[in-house]
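Colleague: One structure, pasted below without further comment.
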Amino acid sequence: MFGAGKLTGRFWFRRTWTGKLVLLVEEEKPRWFSRKHLTKLRWRDARLLDLAEAPMRTLMTLERTYRAEYGSGPALQAAVPSLGRGAIATPIGRAASA
31 MFGAGKLTGR FWFRRTWTGK LVLLVEEEKP RWFSRKHLTK LRWRDARLLD
81 LAEAPMRTLM TLERTYRAEY GSGPALQAAV PSLGRGAIAT PIGRAASA
C-alpha cells in the first residue's frame with residue numbers, strides 16, 4: 031500500500047472462531063502524512079514470507095527446540111523411577127481409587 035513495514039520480532043497467537051491458530055506479527059508502519067518519518071506499531075496476521083525474515087528467526091529456533099524436547103520419548107521413559115516390590119503402578123493423569 032503506502033510502504034513496506036519492518037517487523038519488530040514480536041509475535042503472538044490468536045484463535046479464530048473456528049478454532050484455528052493464527053500467528054500475529056508486530057510491524058513498524060510509516061505514518062501516512064509524516065514529514066519526520068515517524069512510525070507506528072501495529073499487529074497483523076503473518077504471511078508465509080514473514081517467517082523468512084531475520085527478526086522471526088527466534089520463532090523458528092523456538093519451534094526447533096520445542097520439537098526436540100517433545101519428540102524424545104525414550105528419554106522420558108528413562109526418567110520414570112522404577113517401582114519397588116509390591117508397588118502398584120498408576121497411570122499418570124488418573125487418581126488411584128481407594
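Residue numbering for the sequence shown follows the working numbering, starting at 31 and increasing by one per position.
C-beta: ideal position from N, C-alpha, C; glycine also.
The structure presented is a predicted model; accordingly, all values stated were derived computationally and were not measured.
Once DSSP output is grouped into helix, strand and coil, what is the label at leucine 89?
Modeller: Residue state, collapsed to three classes: helix.
Colleague: According to DSSP, is arginine 77 part of a helix, a strand, or is it coil?
Modeller: It is coil, neither helix nor strand.
Colleague: Under 8 Å by Cβ, that's how I've got leucine 54 and arginine 44 pegged, so tell me the actual separation to the nearest angstrom.
Modeller: Indeed, because the Cβ distance is near 6 Å, the residues count as touching under 8 Å.
Colleague: Which residues does DSSP pair with glutamate 57 in a beta bridge?
Modeller: Paired residue(s): Leu37 and Arg72.
Colleague: So is glutamate 93 buried or exposed if we call it buried at 16+ other beta carbons inside 10 Å?
Modeller: Counting Cβ neighbours within 10 Å, glutamate 93 comes out exposed, since fewer than 16 surround it.
Colleague: Assuming the contact rule is C-beta atoms closer than 8 Å, leucine 51 and arginine 61 should be a hit. Round their C-beta distance to whole Å, please.
Modeller: With a Cβ gap of about 31 Å, leucine 51 and arginine 61 do not count as contacting.
Colleague: Among Phe63, Trp47, Tyr96 and Leu71, whose alpha-carbon lies nearest the alpha-carbon of leucine 37?
Modeller: Cα-wise, what sits closest to leucine 37 is Leu71.
Colleague: Suppose the cutoff is 6 Å on Cβ atoms and the five residues either side in sequence are ignored; what does the same chain contact list for proline 85 look like?
Modeller: The answer, listed in chain order, is Leu37 and Gly39.
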